[in-house]
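Asker: Take a look at this one; I'll ask things after.
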Amino acid sequence: KDLGKIAGKGSVAFLGDTHKHFTETEKPVTFKDIEKEYAEAITFHEDGYGVDKEYSDIIYVPEDATFSLSSQTVSWKDGAKKISLKPDHTYILPCGYKIEMVKKGDNSVGKKGGTTSANQYTKWHLKGTTAEGSFLHKPATVSGGGKSEISKRIEDMVGYGPVFIGDIGEDFDKVDAIVKHDFSKMMKAGGKSLLDSIGAKDILDPKLSLGRMIQILTPNADYSDEHNAFIGTIATHIRELLCVLKQSYKLEWGDNWRQHYHTDAINGALGHELKIGDGSLLSSYIRVGFRSKHDETIPLKSDDSGKIAWKTFTLRQDFFPSW
277 KDLGKIAGKG SVAFLGDTHK HFTETEKPVT FKDIEKEYAE AITFHEDGYG
327 VDKEYSDIIY VPEDATFSLS SQTVSWKDGA KKISLKPDHT YILPCGYKIE
377 MVKKGDNSVG KKGGTTSANQ YTKWHLKGTT AEGSFLHKPA TVSGGGKSEI
427 SKRIEDMVGY GPVFIGDIGE DFDKVDAIVK HDFSKMMKAG GKSLLDSIGA
477 KDILDPKLSL GRMIQILTPN ADYSDEHNAF IGTIATHIRE LLCVLKQSYK
527 LEWGDNWRQH YHTDAINGAL GHELKIGDGS LLSSYIRVGF RSKHDETIPL
577 KSDDSGKIAW KTFTLRQDFF PSW
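Here is the structure:
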């Protein structure tokens, strides 16, 4: 069940460049079930997909559909059947999970895919949304109680930029050491490691989600003292680099993942912006509060004097702001 878990209840997430979803419903729902129940609302095609009769940009696809950004296709029956993956369309699986092709970095939660943005750092991604929503009760309080704050979109606090790296050789050596680390003894005596419990080869194994990898690399009272000490040796920028690798890693790369990343040569020296293939990588950051631009030990300020700077925090690679 956890193998197909992409996000929690009411969540939205960025998926990888290629995605195949696994049914999350208690009782598996197939495309044949959809054909029986919704014949009046959906036009079904012989190839095995359907188009909404009222909204032609809503496409219903089989449960074994695979989404690929590189080939811009949605395929099923092991690739025997396929249709185009388009940015202005919504693709819905029988379990209700919907997938869209959107641009990460253009801060357009409620806009159609393909919307232009002033941000130069944008990149096409697959966005997945769970079928079951979450309800939030907006309180009615006295003035100053924070009613308006919970109505503001979190996307207004999110910024995007490139992925920076210090020395690509040294940093990747440290990442590689973590990937090859023996996690079999991460739990206290008698406990089974999260990798062994799902049969994952290492932390890059697709069977292990990004969230589970972060969980493994976060101190926990259930972990052995040795494992918690190991976690403490991982520098923040190496941890973030590992998350970038986890999100963009492809199974066919095997142990040769390093050859797919590079930095440009600038003035005869390697630069510090990490790239993959011919494109840039993207990181998202959230602004929370202010700090001194010159000295972090100075107490936080709330004035608008221009001598302050945002406190920013890196978000997960698969984070996407909800409505």
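Residue numbers for the sequence shown follow the working numbering, so the first one is 277 and each next one is one higher.
Built from N, CA and C at the ideal position, the CB exists for glycine as well.
For clarity, every value in this text was computed on a predicted model and none was experimentally measured.
#1: Could you tell me which residues DSSP pairs with THR306 in its beta bridges?
#2: Between the alpha carbons of LYS587 and ILE562, how many angstroms are there, rounded?
#3: Indicate the three-state DSSP secondary structure (helix, strand or coil) for THR398 in the structure shown.
#4: What is the DSSP secondary structure of VAL439, reduced to helix, strand or coil?
#5: Tell me whether LEU521 is buried or exposed, calling it buried when 16 or more other Cβ atoms sit within 10 Å of its Cβ.
#6: Secondary structure at ASP278, three-state DSSP: helix, strand or coil?
#7: Please report the straight-line C-alpha distance between THR512 and ASP447, rounded to a whole angstrom.
#8: Would you list the one or two residues that DSSP bridges to ARG567?
#9: Taking buried to mean at least 16 other C-beta atoms within 10 Å of its own C-beta, is LEU412 buried or exposed?
#10: Kindly indicate the opening and closing residues of the beta strand (DSSP E) around SER473.
#11: Take the Cβ of ARG429 as the centre, count every other Cβ of all protein chains shown within 10 Å, and call the residue buried at 16 or more, exposed below.
#12: With DSSP as the reference, label ASP594 as helix, strand or coil.
#13: Measuring only the C-alpha atoms, how far is LYS329 from ILE359?
#14: Counting beta carbon pairs with one atom in the stretch 428–444 and one in the stretch 544–553, are three or more of them shorter than 8 Å?
#15: Would you say the beta carbon of LYS522 is closer than 7 Å to some non-hydrogen atom of the ligand NAD?
#16: Should LEU369 and VAL337 be called a contact, given that it needs their Cβ atoms to be closer than 8 Å?
#17: Nearest CA to the CA of SER524: which residue from ILE507, HIS503, ASN496, ASP481?
#18: Are the beta-carbon atoms belonging to SER616 and THR539 less than 8 Å from one another?
#19: Using the beta-carbon count (16 or more within 10 Å), is GLY404 buried or exposed?
#20: List the residues that DSSP assigns as beta-bridge partners of GLY349.
#21: Alpha carbons only, please: which of ILE479, ALA545, TYR373 is nearest the one belonging to GLY409?
#22: Look at the alpha carbon of LYS468 and the alpha carbon of PHE343, and state the distance between them as a whole number of angstroms.
#23: Nearest to PRO597 by CA position, among ILE375, ALA407, HIS321, GLU431, is which residue?
#24: So, are the CB atoms of LYS380 and HIS365 less than 8 Å apart?
#25: Between the Cα of LYS532 and the Cα atoms of ILE492, ASP498, GLU316, LYS456, which residue gives the shortest distance?
Answerer: If we stick to the structure as given:
#1: Taking the sequence shown and counting its residues from 1, one reaches residue 306 at position 30. THR306 is not bridged to any residue.
#2: Position 311 of the sequence shown, counted from the start, is the residue given in the question as residue 587. Position 286 of the sequence shown, counted from the start, is the residue given in the question as residue 562. The straight-line gap from Cα to Cα measures roughly 8 Å.
#3: Position 122 of the sequence shown, counted from the first residue, corresponds to residue 398. Coil, per DSSP.
#4: By one-based count along the sequence shown, residue 439 stands at place 163. Coil, per DSSP.
#5: Sequence index remark: in the sequence shown, residue 521 carries index 245 (1-based). It is buried - the Cβ of LEU521 has at least 16 other Cβ atoms within 10 Å.
#6: For the purposes of this step, residue 278 is taken as the residue at position 2 of the sequence shown. In this predicted model, ASP278 has a pLDDT of only 34, less than 50, meaning its place in the structure is not dependable enough to derive any value.
#7: On the sequence shown, residue 512 is found 236 positions in, with the first residue counted as 1. On the sequence shown, residue 447 is found 171 positions in, with the first residue counted as 1. Cα to Cα, THR512 sits roughly 11 Å from ASP447.
#8: What you label residue 567 is simply residue 291 of the sequence shown in a count that begins at 1. Paired residues: ALA585.
#9: If you number the sequence shown from 1, residue 412 lands on position 136. Exposed, by the Cβ-count rule.
#10: As a first step, residue 473 must be located in the sequence shown, where it is residue number 197. Careful: SER473 lies outside any beta strand (DSSP E), inside the alpha helix (DSSP H) at 470–474.
#11: Looking up residue 429 in the sequence shown gives position 153. Exposed is the call here.
#12: Mapped onto the sequence shown, residue 594 falls at position 318. DSSP places ASP594 in coil when its eight states are reduced to three.
#13: Within the sequence shown, numbered from 1, the residue matching residue 329 stands at position 53. Within the sequence shown, numbered from 1, the residue matching residue 359 stands at position 83. Distance between the alpha carbons of LYS329 and ILE359 is about 18 Å.
#14: yes
#15: Ligands displayed in this structure: none; no statement on the ligand NAD is therefore possible.
#16: Residue numbering aside, residue 369 sits at position 93 when the sequence shown is read from its first letter. Residue numbering aside, residue 337 sits at position 61 when the sequence shown is read from its first letter. Result yes, Cβ atoms of LEU369 and VAL337 sit closer than 8 Å.
#17: In the sequence shown, the residue the question calls residue 524 occupies position 248. Comparing Cα positions, the closest option is ASP481.
#18: Given that the chain is displayed from residue 277 to residue 599, the structure contains no residue 616 and the question cannot be resolved.
#19: Against the sequence shown, residue 404 aligns to sequence position 128. With 16 or more Cβ atoms within 10 Å of its Cβ, GLY404 is classed as buried.
#20: One-based indexing of the sequence shown puts residue 349 at position 73. Reading the sequence as shown, one finds Thr at residue 349 and not Gly. Its beta-bridge partners are SER344, SER360.
#21: Working through the sequence shown from its first residue, we reach residue 409 at position 133. Considering only alpha carbons, the answer is TYR373.
#22: The sequence position of residue 468 within the sequence shown is 192, counting from 1. The sequence position of residue 343 within the sequence shown is 67, counting from 1. Looking at the two C-alpha atoms, the distance is approximately 33 Å.
#23: Here residue 597 is taken as the residue at index 321 of the sequence shown, counted from 1. Residue GLU431 is the option with its Cα nearest to PRO597.
#24: As a first step, residue 380 is located in the sequence shown; it is residue number 104 there, counting from the start. As a first step, residue 365 is located in the sequence shown; it is residue number 89 there, counting from the start. Result no, Cβ atoms of LYS380 and HIS365 do not sit closer than 8 Å.
#25: Translated into the one-based positions of the sequence shown, residue 532 becomes position 256. In the sequence as displayed, the identity of residue 532 is Asn instead of Lys. Among ILE492, ASP498, GLU316, LYS456, the Cα nearest to that of ASN532 is on LYS456.
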